[in-house]
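Take the position in the sequence shown, starting the count at 1, then add 17; the result is the number in our numbering.
For each residue, glycine too, the CB sits at the ideal point set by N, CA and C.
Owing to the predicted nature of the structure, the values given are computational and were not obtained by experimental measurement.
Working notes for the structure below.
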Amino acid sequence: MQKINPIDRLHLAITLTVTLLLSLFAVPTMAQSLSTGWLTHPDHPPAQVRFMLTGEVDKVNNQARGLLEVKLDGEWKTYWRSPGEAGVSPVLDWSKSNNVSNLKWHWPTPAYYEQSGIMTLGYKHDVIFPMDLTFDDINKPVHFSGKLTLPTCTNICVLTEYDLELAPIALADTEANPEAQHLYQQGISNVPTQSDLTRVISASFNHESQQLQLQLEYADGWDNPQILVDGKDVTDDYFALPSIAIDGSIATATYKVTNWLGKTDLVGKSIEITVSDALFSHELSAIIDNKPFVESSSASLLTIIGFALLGGLILNIMPCVLPVLGMKLNSMLASSQSTKRSIRLQFLASAAGIITSFWLIAMGLLALKFTGNAIGWGIQFQSPIFIGFMVTITALFTANLLGLFEIQLPSRFSTSIANKGSDSTLGHFIQGMFATLLATPCSAPFLGTAVAFALGASTIEMLMVFTFLGLGMASPWLLFALFPNLVTLMPKSGAWMNKVKVIFGLMMFITTLWLLSLLSPFIGGFSTFSIGLLLSIYLLYRVGQIQGKNTVITIIAVLVFTSSAALIIGSMTTKHWATPIEDNLAWQPLNEHAIDEYVKQGKTVFVDVTADWCITCKANKIGVILQDPVYPALQRNNVITMKGDWTHPSTKITNYLKSHQRFGVPLTVIYGPNAPQGIALPVLLNSDDVIQVLEHAGRTP
């Protein structure tokens with residue numbers, strides 16, 4: 018056997034070592050050549066970008082897949098291909114690439130964002146833009162060289178550039194990158210697709226009114242569609258947030274169109290239509306004509322007005338307003354011996370108080386809107402000063418109903434009112450306003466739709482919707498004003514009314530204690546309990562002083578009897594009541610960026626936006642979220658529960674509500690691999706809807 022001399026042995030060792038090192042680093046080098054890695058601009062750390070190729074190739078058509086991923090911190094956002102009323106869209110210049118003949122950029126469905134009254138379209142947190150690349154010859158090395166210009170905005174806007182550079186690579190011999198493949202599929206699932214389920218019925222432009230009207234059909238019926246318009250022929254035109262009327266499978270969207278050059282003419286131009294609803298996102302195209310509009314804009318407003326009337330009417334039976342019903346019933350009993358004119362005046366005064374308070378709420382919200390502040394239904398309950406004011410008012414009404422004092426007007430006003438046939442018109446007016454204030458922490462069916470439309474509509478439309486909300490809530494009292502003989506059906510007043518007033522006073526005092534409990538986050542639980550205890554003791558003491566011990570005994574007896582009756586009836590009807598379940602769900606604070614990360618991991622995210630002062634939120638939690646079958650479904654390992662607390666003012670929560678076209682709580686949204694943009698549920702939850710959406714969102718697309 019021939020011996021190997023030391024020098025040859027050294028050469029062999031070096032060769033083997035180099036070969037081993039190359040084999041060890043070959044795979045990472047190949048994988049790295051398919052991605053730029055995360056890039057950050059030194060002048061703008063909140064934004065990160067990376068460009069990747071999946072490694073999948075179509076040799077027949079010389080094509081491959083890639084993606085651009087953008088991560089944004091906090092409230093930073095970037096824009097869609099048509100950014101809206103302000104902003105510019107991202108641009109990728111790939112002209113310096115070698116062997117690349119085309120790049121097709123796919124745009125996920127965007128969301129609306131509002132800043133100081135300016136509406137834009139774009140994305141927050143983490144967004145993936147899938148891309149399809151075409152090459153001159155995929156069998157030859159490909160060198161991708163691009164420059165990304167990325168606009169990002171919060172209260173300020175920044176324009177940054179990133180060099181997206183991949184080393185030359187032979188794609189035909191490259192293995193697929195599983196991470197990039199997964200990200201591409203995730204991104205493409207958010208891109209609108211073409212489908213036979215939706216079609217354009219008409220697209221018409223009215224030159225005189227500068228409005229565009231679209232009629233779209235979806236065979237399975239619309240839920241709450243978002244309909245966007247853009248296109249190469251209309252790049253200088255801005256399409257305002259549309260009014261949308263839904264009639265079964267037909268949706269009619271009407272847009273106000275503006276152009277920085279003045280009046281525009283869209284007839285004959287081609288447009289792209291991106292329409293998304295609860296379970297889909299489709300892309301359509303159309304050529305605009307000048308045919309007469311379908312009469313639907315007014316129908317849409319009429320529908321909202323109908324919702325406002327129904328929502329206002331339903332507020333009368335919501336838990337927030339029940340204590341005030343006692344005051345109203347007491348007024349009706351006291352009115353049974355009055356003249357028809359006096360009865361009409363009293364009930365008209367209550368109705369006027371309700372409507373006036375809705376006008377005041379509308380004007381207050383308009384003032385906040387014009388000054389760029391957050392607006393929403395019930396936001397006044399975020400203020401400890403307002404809650405304290407309401408505690409004081411309800412305590413005074415309680416004392417009045419229990420006979421501790423009588424609300425007296427100055428003599429000249431009392432004389433004037435008496436001469437007109439009533440001595441309590443102002444009191445009825447105040448009762449009406451008071452009822453509206455107590456109604457604001459409640460959400461009811463139809464109410465949310467009407468309020469959401471109003472807060473995003475023009476000043477006139479907003480005032481109109483709030484007027485009909487007031488008319489809806491005041492309608493029972495307007496009915497008595499129109500037909501005063503109905504009051505004669507009530508029992509005649511007498512000494513027994515004093516006992517009834519005690520019951521109504523107790524109802525109002527319970528409301529006082531509930532309002533006082535809302536101060537707990539501001540002044541602490543011990544202070545709240547102490548104030549409530551002292552107030553209760555003082556109230557009983559004063560009642561005993563003025564009305565005697567028998568009245569105090571009556572009050573205690575009523576409380577004991579009511580509590581005992583509730584317990585007995587509850588035990589006899591247990592199967593018809595929701596059994597309380599301890600909340601052991603692992604709630605996380607609302608974090609939109611974390612939602613994106615969880616969805617990427619294939620998890621389902623259940624978001625509950627609530628507030629301590631929201632009665633409807635409590636009903637949803639006790640009656641649905643903490644009950645079978647929803648509670649066990651939320652305990653699964655693949656379900657993440659998040660809670661947004663709107664008890665205190667929160668810009669983050671307000672912006673989240675706006676992104677789902679809501680202006681008040683409760684809001685429940687479910688995300689998942691099959692619903693990365695989230696599906697918003699109705700205001701009043703039911704277990705069937707929650708389970709159905711949980712299953713749909715959790716499916717793999």
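With 16 other Cβ atoms within 10 Å as the buried cut-off, status of residue i
i: A81; result: buried
i: L535; result: buried
i: S400; result: exposed
i: I371; result: buried
i: P683; result: buried
i: K280; result: exposed
i: V284; result: exposed
i: S433; result: Caution applies to S433, whose pLDDT of 42 falls short of 50 and renders its modelled position unreliable; the model cannot decide the point.
i: S428; result: Because the pLDDT at S428 is just 42, under 50, the model does not fix this residue reliably, and the value given afterwards should be weighed accordingly. Its Cβ having fewer than 16 others within 10 Å, S428 is exposed.
i: Y558; result: exposed
i: G542; result: exposed
i: H142; result: buried
i: S59; result: Note on identity: in this sequence residue 59 is Pro, with Ser being the wrong assignment. When all chains shown are included, P59 counts as exposed.
i: L39; result: Its pLDDT being 41, under 50, L39 is placed unreliably in this model, and the value from its coordinates should be taken loosely. That one is exposed.
i: E609; result: buried
i: K249; result: exposed
Extent of the continuous alpha helix (DSSP H) run through residue i
i: Q694; result: Not the alpha helix (DSSP H): Q694 falls in the beta strand (DSSP E), residues 692-697.
i: I540; result: 537-540
i: D613; result: 609-617
i: K669; result: 668-676
i: V482; result: 476-499
Residue i - containing beta strand (DSSP E), residue span
i: C170; result: 162-170
i: S704; result: Element bounds for S704: not the beta strand (DSSP E) but the alpha helix (DSSP H), 704-715.
i: P100; result: 94-101
i: W122; result: 117-122
i: I155; result: Careful: I155 lies outside any beta strand (DSSP E) and carries neither H nor E.
i: F222; result: 215-223
i: G83; result: 80-89
Sub-8 angstroms separation of residue i and residue j beta-carbons
i: S50; j: I155; result: no
i: N654; j: G715; result: no
i: V408; j: T545; result: no
i: P127; j: W97; result: yes
i: I244; j: I288; result: no
i: L698; j: V710; result: yes
i: P63; j: P107; result: no
i: P147; j: V208; result: yes
i: S374; j: T453; result: yes
i: A574; j: T658; result: no
i: V217; j: L301; result: yes
i: L327; j: G163; result: no
i: P538; j: T668; result: no
i: Y360; j: P501; result: The residue you asked about is not Tyr; residue 360 is Ile in the sequence shown. Yes, these two residues count as a Cβ contact at 8 angstroms.
i: S206; j: P693; result: yes
i: L84; j: L258; result: no
i: I305; j: S221; result: yes
Residue nearest to residue i in terms of C-alpha spacing, selected from the options
i: I572; options: Q605, L523, L550; result: L523
i: Y555; options: F497, K620, L421; result: L421
i: A303; options: T215, D629, L413, G91; result: T215
i: L188; options: Q211, F161, C170; result: F161
i: R67; options: E86, A184, K76, L486; result: E86
i: N703; options: A636, D662, N672, T717; result: A636
i: S266; options: N276, F256, E234; result: E234
i: N631; options: W277, Q652, L296, L532; result: Going by the sequence as given, residue 631 is Cys instead of Asn. Of the listed residues, the one whose Cα sits closest to C631 is L532.
i: Y179; options: T53, S676, P242; result: T53
i: Q652; options: W376, D306, T275, V622; result: V622
i: A368; options: T191, L496, F526, P606; result: L496
Supposed close pair residue i, residue j - CB separation, criterion 8 angstroms
i: Q228; j: K273; result: 6 angstroms
i: E102; j: I135; result: 5 angstroms
i: Q707; j: V641; result: Looking at the sequence provided, one finds Val at residue 707 rather than Gln. The Cβ separation is near 6 angstroms, so the contact holds.
i: S442; j: A366; result: Checking the displayed sequence, the identity of residue 442 turns out to be Thr instead of Ser. That belief holds up - the Cβ atoms of T442 and A366 are roughly 5 angstroms apart, short of 8 angstroms.
i: N172; j: T151; result: Rounded, the Cβ-Cβ distance is 40 angstroms, inconsistent with contact.
i: N116; j: K157; result: 6 angstroms
i: L383; j: M479; result: 7 angstroms
i: D149; j: K121; result: 4 angstroms
i: V292; j: L419; result: Between L419 and V292 the Cβ distance is about 59 angstroms, and since that is not below 8 angstroms, they are no contact.
i: F364; j: A498; result: 4 angstroms
i: F485; j: A325; result: 4 angstroms
i: G72; j: E192; result: 6 angstroms
Cβ-heavy atom distance, residue i to the ligand HEM, below 7 angstroms
i: L551; result: The ligand content of the structure shown is nil, which means the ligand HEM is not present either.
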